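What follows is a single structure, written as structure tokens, with notes after it.
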Amino acid sequence: LISPRASLRLLRLGFERRRFRKPLAAADSDAIAVLEAQDLASYLDRIVGEELRKHIFVPYLSAALALDAENLSATYLHLLIDRVAGARPQYLIGGMVQLTALLARGLSIRHGCEVTSIETQDDGARLRYRAGERHGSVAANAVVVAVPGSQVAALCPKLTPNERGFFEGVRYSQGVVAHLLFDEAPSFPYRSVSFSRRKGFGLYGVQLAHHKRGAAPSGAGLLRASLTESAGKHLFRASDAEVGAAVLDDLASTPFGALSPRRVVVHRAAAASPVFYPGYLAGLQRFAARSKPSPRIAFCGDYQVGNGAEAALTSGMRAASQIAHGIA
6 LISPRASLRL
16 LRLGFERRRF
26 RKPLAAADSD
36 AIAVLEAQDL
46 ASYLDRIVGE
56 ELRKHIFVPY
66 LSAALALDAE
76 NLSATYLHLL
86 IDRVAGARPQ
96 YLIGGMVQLT
106 ALLARGLSIR
116 HGCEVTSIET
126 QDDGARLRYR
136 AGERHGSVAA
146 NAVVVAVPGS
156 QVAALCPKLT
166 PNERGFFEGV
176 RYSQGVVAHL
186 LFDEAPSFPY
196 RSVSFSRRKG
206 FGLYGVQLAH
216 HKRGAAPSGA
226 GLLRASLTES
236 AGKHLFRASD
246 AEVGAAVLDD
256 LASTPFGALS
266 PRRVVVHRAA
276 AASPVFYPGY
286 LAGLQRFAAR
296 SKPSPRIAFC
306 GDYQVGNGAE
316 AALTSGMRAA
326 SQIAHGIA
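The letter at position 198 of the sequence shown is residue 203 when you use this note's numbering, and the numbering goes up by one with no holes.
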């Protein structure tokens with residue numbers, strides 16, 4: 006459905022990839038600055054044209070990342086292409102809880118505590134927390150802070166000015182995802198569908214999640230519908246039934262047609278996906294290279310690597326390595 010002229014313009018993106026691949030791999034500040042100055046929408050319009058941007062790139066990236074892809078930087082597009090080229094998604098039977106359960110096995114974990122502040126100095130760290138009506142504190146050799154980056158500054162009052170400036174610039178999309186369970190799997194030839202943006206339509210895309218082994222009862226169907234940021238904000242505090250009705254109303258205008266799920270379960274996340282907006286990666290590079298970091302503290306989260314569980318896990322491994330080797 007893409008015009009021959011638009012298809013030919015994809016060659017320009019290939020040239021751009023060759024131009025920036027080595028500089029980006031080497032974290033060349035000058036090369037990053039050239040791309041970081043451009044938002045994804047204007048960059049794609051210039052390189053591949055409006056047709057491919059509207060009907061291919063933005064719908065696919067928005068559905069995959071659960072955010073308005075137009076707000077990303079051109080740098081992040083190149084990093085994403087390198088990450089997903091030739092990759093096949095892998096799934097854990099039983100869901101992501103299996104990963105955290107295995108990582109926690111054999112550790113002493115204190116549950117039900119809300120950390121209210123973290124202060125570190127050269128000889129150690131102190132965490133203050135609240136558990137119901139009770140307040141307490143814990144002394145530690147060092148701390149790994151594994152929360153959304155937008156929450157770090159409020160937790161850590163003794164950050165350096167440069168660190169505080171970076172964390173205050175971390176942004177997240179607000180996400181709402183509806184899971185629709187059916188007695189039978191819908192007869193549809195694709196495993197995922199991305200929707201072009203149009204006025205009044207509230208979905209980024211739909212994933213046929215019953216293809217994941219163990220995600221749904223045998224023979225049942227499970228659709229995972231991702232709402233757009235604007236629809237998510239509008240329906241964030243709505244009931245599951247109201248969100249489900251809005252999703253089904255939108256799907257009725259697509260090839261999915263009218264659907265009648267047995268059950269609808271909605272997942273809401275105030276900080277769903279980090280937004281790598283123009284200029285963010287340059288700031289992240291400066292943060293990673295800071296000469297005088299706060300002592301005895303390491304930070305991890307997907308906002309330091311990229312969207313998704315694998316990126317979050319990678320950042321956690323980095324933080325653990327920093328603590329183990331006395332870097333933090």
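Built from N, CA and C at the ideal position, the CB exists for glycine as well. A quick note: this is a predicted structure, and the numbers were derived from the prediction, not measured.
Check whether residue i and residue j have beta carbons under 7 Å apart
i    : j    : result
F172 : A159 : no
P300 : D127 : yes
T121 : R133 : yes
G237 : G288 : no
H272 : V198 : no
G282 : G154 : The identity of residue 282 in the sequence shown is Tyr, whereas the question assumes Gly. Not closer than 7 Å, so no.
S178 : A277 : yes
I52  : R88  : no
G54  : A11  : yes
R131 : A144 : yes
R242 : H216 : no
V310 : L185 : no
S231 : A71  : yes
Y209 : A36  : no
N167 : R295 : yes
L318 : E41  : no
R229 : A214 : yes
Delimiting residues of the beta strand (DSSP E) encompassing residue i
i    : result
H184 : Y177 to F187
I123 : E119 to Q126
Y209 : L208 to L213
L304 : The sequence shown places Phe at residue 304, rather than the Leu named in the question. Here the beta strand (DSSP E) through F304 covers I302 to F304.
Y134 : G129 to A136
S223 : Note, S223: premise wrong, no beta strand (DSSP E); not H, not E.
V149 : V148 to V150
G141 : R139 to A145
With 16 other Cβ atoms within 10 Å as the buried cut-off, status of residue i
i    : result
G99  : exposed
N146 : exposed
H83  : buried
G321 : buried
Q212 : buried
P279 : buried
A79  : buried
E234 : buried
L227 : buried
L49  : buried
I123 : buried
F20  : exposed
L57  : buried
A257 : exposed
L45  : buried
P64  : buried
L108 : exposed
A329 : exposed
A251 : buried
Min CB distance residue i to chain D below 7 Å
i    : result
A106 : The structure shown contains no chain D, having only a single protein chain.
For residue j and residue i, the rounded distance between their alpha carbons
i    : j    : result
H239 : V248 : 10 Å
R110 : L6   : 51 Å
E119 : C305 : 18 Å
F206 : D255 : 6 Å
S142 : G117 : 14 Å
S201 : V102 : 32 Å
L253 : A263 : 7 Å
R14  : L112 : 54 Å
A31  : R203 : 39 Å
V149 : A303 : 5 Å
G129 : D188 : 55 Å
L66  : A74  : 6 Å
Q95  : P222 : 19 Å
A3   : A225 : Because the chain spans 6 through 333 in this model, residue 3 falls outside it and cannot be assessed.
N76  : R169 : 23 Å
P260 : R267 : 20 Å
A90  : G331 : 35 Å
Y81  : A314 : 17 Å
Terminal residues of the alpha helix (DSSP H) in which residue i lies
i    : result
H83  : A79 to V89
L6   : First-last for L6: undefined, no H or E at that position.
P279 : Unbroken run through P279 is the beta strand (DSSP E), R268 to P279; no alpha helix (DSSP H).
L40  : S34 to E41
S244 : Per DSSP, S244 belongs to no alpha helix (DSSP H) and is neither H nor E.
V63  : V63 to L70
Alpha helix (DSSP H) runs contained entirely in the segment 280-328, provided each spans 4 or more residues | Those alpha helix (DSSP H) runs which fall completely within the segment 280-328 and span 4+ residues are 285-293.
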